[in-house]
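Residue numbers (our numbering): 19 to 219. Think of the CB as a built atom: it goes at the ideal place given N, C-alpha and C, for glycine as much as any other residue. All figures in this text were calculated on a predicted structure; none of them were measured in a lab. Accompanying notes for the structure given below.
And the structure:
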């Protein structure tokens with residue numbers, strides 16, 4: 019027969035093993051909970067950072083698109099100006115006063131390929147027709163629906179070309195000799211703007 023102390027020791031050892039066995043899963047569950055909690059926080063932080071980056075990229079994309087549109091439009095205006103000038107004659111200039119020069123450009127196949135033609139009109143990238151009219155020895159060049167974001171750059175770029183003797187934005191005449199970016203921005207004060215350029219040569 020085993021001594022009573024040995025039996026008690028064996029019982030204590032068995033109880034301790036069972037207690038340890040119960041504690042291990044509990045500790046594991048607690049660790050998993052802690053890890054799960056940190057995982058959720060990490061996910062939220064990552065999501066917040068991702069959203070912030072996407073917002074910044076979208077905002078920058080809008081600015082870049084506006085700059086691209088303005089550059090493209092200024093290029094179209096320059097090309098159209100040169101095409102119109104090439105049709106001028108020493109005797110009759112650009113034809114009788116009031117002649118539709120947009121129709122003349124279409125007939126001569128001198129409209130830039132990136133512009134849409136429909137009937138006797140062709141359109142800027144915002145869907146507004148160009149109105150180009152002979153004044154005899156000069157001509158006027160008008161377009162509407164120019165977005166506020168692109169308008170100032172188009173105005174300042176064209177002011178620097180030397181093509182035009184005068185132009186207006188939304189009916190307001192601008193002084194080409196003192197035109198600044200701030201002046202152009204103030205003039206382009208509509209959601210969509212109308213530009214009228216005049217050439218006397």
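Handout entry: Buried/exposed call for residue 62, threshold 16 Cβ in 10 Å
Key = By 1-based counting over the chain shown, the position of residue 62 is 44. Its Cβ having fewer than 16 others within 10 Å, residue 62 is exposed.
Exercise for the section: Flag this pair as yes or no: are the beta carbons of residue 119 and residue 161 separated by less than 8 Å? Expected result: The residue labelled residue 119 in the question sits at position 101 within the chain shown. The residue labelled residue 161 in the question sits at position 143 within the chain shown. Contact flag unset, no.
Exercise for the section: Could you pull out every residue in the same chain whose Cβ sits closer than 6 Å to the Cβ of residue 172, ignoring the five residues on either side in sequence? Expected result: In the chain shown, residue 172 corresponds to position 154, counting from 1. Hits under 6 Å: 88, 91, 92.
Problem - Straight-line gap, residue 198 to residue 148 (C-alpha atoms, nearest Å) - result: For the purposes of this step, residue 198 is identified with residue 180 of the chain shown, where counting begins at 1. For the purposes of this step, residue 148 is identified with residue 130 of the chain shown, where counting begins at 1. Near 25 Å, if we compare the C-alpha coordinates of residue 148 and residue 198.
Handout entry: 8 Å Cβ cutoff met for residue 183 and residue 192
Key = Residue 183 sits at position 165 when you count from the first residue of the chain shown. Residue 192 sits at position 174 when you count from the first residue of the chain shown. For residue 183 and residue 192, no; Cβs fall outside 8 Å.
Practice task
Tell me, please, whether the stretch 136-154 touches the stretch 174-182 by the rule of three or more beta-carbon pairs shorter than 8 Å.
Solution key: no
Problem - As assigned by DSSP and simplified to three states, the class of residue 164 - result: On the chain shown, position 146 is the one that residue 164 refers to. Here DSSP, grouped into helix, strand and coil, assigns residue 164 to strand.
Exercise for the section: Classify residue 102 as buried or exposed, calling it buried when 16 or more other Cβ atoms lie within 10 Å of its own Cβ. Expected result: Here residue 102 refers to the residue found at position 84 of the chain shown. That one is buried.
Practice task
May I have the straight-line CA-CA distance separating residue 174 from residue 203, to the nearest angstrom?
Solution key: Here the question's residue 174 lines up with position 156 in the chain shown. Here the question's residue 203 lines up with position 185 in the chain shown. Rounded to the nearest angstrom, the two C-alpha atoms are 9 Å apart.
Problem - Through-space distance from residue 163 to residue 178, alpha-carbon basis - result: Start at 1 with the first residue of the chain shown, and residue 178 comes out as number 160. Start at 1 with the first residue of the chain shown, and residue 163 comes out as number 145. Those two C-alpha atoms are separated by around 22 Å.
Problem - Per-residue DSSP class, three states only, for residue 118 - result: On the chain shown, position 100 is the one that residue 118 refers to. Strand.
Problem - N- and C-terminal bounds of the beta strand (DSSP E) containing residue 139 - result: Numbered from 1 along the chain shown, position 121 holds the residue referred to as residue 139. Residues 139-141.
Problem - Rounded separation between residue 210 and residue 150 - CA only - result: For the purposes of this step, residue 210 is taken as the residue at position 192 of the chain shown. For the purposes of this step, residue 150 is taken as the residue at position 132 of the chain shown. Cα to Cα, residue 210 sits roughly 19 Å from residue 150.
Problem - DSSP state of residue 173 mapped onto helix, strand, coil - result: The residue labelled residue 173 in the question sits at position 155 within the chain shown. Here residue 173 sits in helix by DSSP.
Practice task
Give me the Cα-Cα distance between residue 124 and residue 104, rounded to the nearest whole angstrom.
Solution key: In the chain shown, residue 124 corresponds to position 106, counting from 1. In the chain shown, residue 104 corresponds to position 86, counting from 1. Rounded to whole angstroms, residue 124 to residue 104 spans 14 Å at the Cα level.
Problem - Local Cβ density within 10 Å of residue 95, reported as buried at 16 or more and exposed below that - result: Within the chain shown, residue 95 is the residue found at index 77, counting from 1. Residue 95 should be labelled buried.
Exercise for the section: Quick one: residues in its chain with C-beta nearer than 8 Å to the C-beta of residue 75, no 5 flanking neighbours on either side, listed in chain order? Expected result: In the chain shown, residue 75 corresponds to position 57, counting from 1. Caution is warranted here: a pLDDT of 46 is assigned to residue 75, below 50, making its placement in the model unreliable, and the coordinate value is therefore given only provisionally. If we look at residue 75 and ignore the five residues flanking it on each side, it has no Cβ neighbours.
Exercise for the section: Measure how close the beta-carbons of residue 140 and residue 112 come, nearest whole angstrom, since I'm counting them as under 8 Å. Expected result: Indexing the chain shown from 1 puts residue 140 at position 122. Indexing the chain shown from 1 puts residue 112 at position 94. Actually they are not in contact, since the Cβ atoms of residue 140 and residue 112 sit about 17 Å apart, beyond 8 Å.
Problem - Run of the alpha helix (DSSP H) containing residue 108, from where it starts to where it stops - result: In the chain shown, the residue the question calls residue 108 occupies position 90. First-last for residue 108: undefined, no H or E at that position.
Exercise for the section: Count the other C-beta atoms from every protein chain shown that fall within 10 angstroms of the C-beta of residue 217, then say buried if there are 16 or more, exposed otherwise. Expected result: Taking the chain shown and counting its residues from 1, one reaches residue 217 at position 199. Classification for residue 217: buried.
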